[in-house]
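S.K.: Could you have a look at this structure, given as structure tokens, before my questions?
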Amino acid sequence: MTEKKRVLSGMRPTGPLHLGNLHGALANWINMQEQYDCFFFIADWHALTSDYEDTGLISDYVRNMLIDWLSAGLSPEKSTLFIQSHIKEHAELFLILSMITPVPWLERNPTYKDQILQMSNKDLSTFGFLGYPVLQAADIIMYKANGVPVGVDQVPHVEITREIGRRFNYFYGEVFPEPESILTQTPKILGIDGRKMSKSYDNAIFLSDNPDDISAKVAKMLTDPQRARKNDPGNPDVCNVYEFHKLYSDDKTVERVDRECRTAGIGCVECKKIMAEYLIAFLEPMRQKRNDYESHPELVDDIIADGCEKARRVARETMSEVRAAVRL
Ligand code: TRP
Ligand code: SF4
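Residue numbers for the sequence shown follow our numbering, beginning at 1 and rising by one.
Shown next, in the form of structure tokens:
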């Protein structure tokens, strides 16, 4: 058997995962589990870089994110699932990398300036926020990952990671391989208001929503704006509800909606009800798994302990090499 290539990726624990996260990053990770040696972790220290003032929710978010992952199909048998702050080696590598990272590389980082402008309600002129990519570099090279599955917004961070790793190798000898971004193709999932689905827009359908929440949210979804009355024919091609039908309903239903919307044979209220049923059924197996984990918290504790132990073994190994290379 040839050795599987190693991939690693992380998510910041900023709240419950929604359908956009599922069809983007998470589904992609789940598919990678057979083919790669996967390391997936929750980047709780990264959450602190912008949410340092209000940290009360982070630990709940961490646990719920892991439950979201497990319910959706990440498997602790196939992948190494862990929590960044449980592996103290990340902090040590971050410190060492910070010594060799030129500040202009960080100031040039496109997400750095963007985020400072976008999150003007927070003071992000901190050392930690500037160093965000250095911590991310430590996360990645610690496990000598070959590939990093990320969305396009994270590509600059993987690029900085390569540069930092190269610089380390140049000064101290070849320790780290160069990781490549594996670009995640993200289908654009729109929220119930027609904007990109996002927690911060308050337009998301969460994996953990119960059937009543889902029905209520679907009932509020924007439809073809030209279709004012039930007797007006509609155009499914401009309707987000139809996009959801294509994701969750069976082919016959999709065909029927396509046909009957155009002839005013089906009204939006009914059309949404049907879609909500399919969506609820789609999420049902996840809901059941979530219930299992929530009623057996010790199971989740064990998964966290095992995953962190597996990650720690690799991290310890790397850090011995790093200390030897740096001659500490
Ligand atoms: N910065 C990433 C994000 O916000 C999260 C992250 C932290 C990450 N460390 C990582 C992703 C290492 C990939 C690899 O999405
Ligand atoms: Fe959209 Fe369905 Fe209404 Fe057509 S009938 S506009 S597809 S919600």
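Cβ coordinates follow ideal geometry from the N, Cα and C atoms, glycine included.
Which runs of the alpha helix (DSSP H) spanning at least 4 residues fall entirely within the region 77–129, listed in chain order?
M.R.: Runs of the alpha helix (DSSP H) inside the region 77–129: 89–100, 103–108 and 110–118.
S.K.: Cβ-heavy atom distance between Met157 and the ligand TRP below 7 angstroms?
M.R.: Per the sequence presented here, residue 157 reads as His, with Met not at that position. Yes - the ligand TRP has a heavy atom lying nearer than 7 angstroms to the Cβ of His157.
S.K.: Does any heavy atom of the ligand TRP sit closer than 7 angstroms to the C-beta of Val148?
M.R.: For the ligand TRP, at least one heavy atom lies less than 7 angstroms from the Cβ of Val148.
S.K.: Classify Tyr143: buried if its beta carbon has 16 or more other beta carbons within 10 angstroms, exposed otherwise.
M.R.: That one is buried.
S.K.: Tell me, please, whether the region 149–165 touches the region 101–118 by the rule of three or more beta-carbon pairs shorter than 8 angstroms.
M.R.: Enough Cβ pairs lie closer than 8 angstroms, so yes.
S.K.: Given 7 angstroms as the limit, tell me if Val241 has its C-beta closer than that to any heavy atom belonging to the ligand SF4.
M.R.: Within the cutoff, so yes.
S.K.: Is the beta carbon of Phe206 less than 8 angstroms from the beta carbon of Pro16?
M.R.: In this structure, Pro16 lies closer than 8 angstroms to Phe206 by Cβ.
S.K.: Buried or exposed: where does Thr161 fall if 16 or more other Cβ atoms within 10 Å of its Cβ makes it buried?
M.R.: Classification for Thr161: buried.
S.K.: Could you compute how far the alpha carbon of Leu93 sits from the alpha carbon of Val322?
M.R.: Each residue's Cα considered, the two are about 8 angstroms apart.
S.K.: For Gly13, write down the residues that DSSP places opposite it in a beta bridge.
M.R.: The sequence as given places Pro at residue 13; Gly does not occur at that position. Note: Pro13 sits in no beta bridge, so no partner.
S.K.: Quick check: the region 42–53 against the region 128–141, are there 3 or more CB pairs under 8 angstroms?
M.R.: In short, these stretches touch, since the Cβ pair count reaches three.
S.K.: Nearest-angstrom Cα distance between His296 and Arg63?
M.R.: Cα-Cα distance, rounded: 13 angstroms.
S.K.: Less than 7 angstroms separating the Cβ of Leu8 from some heavy atom of the ligand TRP?
M.R.: True, at least one ligand heavy atom lies under 7 angstroms from that Cβ.
S.K.: Using 8 angstroms as the cut-off, can you tell me whether the region 260–275 makes contact with the region 297–307, which would need three or more C-beta pairs spanning the two stretches below that distance?
M.R.: Flag = no, the region 260–275 and the region 297–307 do not touch.
S.K.: Taking contact to mean at least 3 C-beta pairs separated by less than 8 angstroms, is the region 202–216 in contact with the region 178–187?
M.R.: Output reads no: the region 178–187 does not touch the region 202–216.
S.K.: Thinking just about the alpha-carbon of each residue, which of Leu19, Lys196, Ala25 and Ser98 is nearest to the one in Ser9?
M.R.: If we check each option's Cα against that of Ser9, Ala25 comes out closest.
S.K.: Give, in chain order, every unbroken run of the beta strand (DSSP E) that is at least 3 residues long and sits entirely within the region 131–185.
M.R.: Complete beta strand (DSSP E) runs here, min 3: 147–150 and 180–183.
S.K.: Take Gly147 as the anchor and find which of Glu298, Ile266, Asp292 and Tyr36 has the nearest alpha-carbon.
M.R.: The shortest C-alpha separation from Gly147 is found at Tyr36.
S.K.: Cβ of Gln154 versus every heavy atom of the ligand TRP: is any distance shorter than 7 angstroms?
M.R.: Yes, Cβ of Gln154 sits closer than 7 angstroms to a heavy atom of the ligand TRP.
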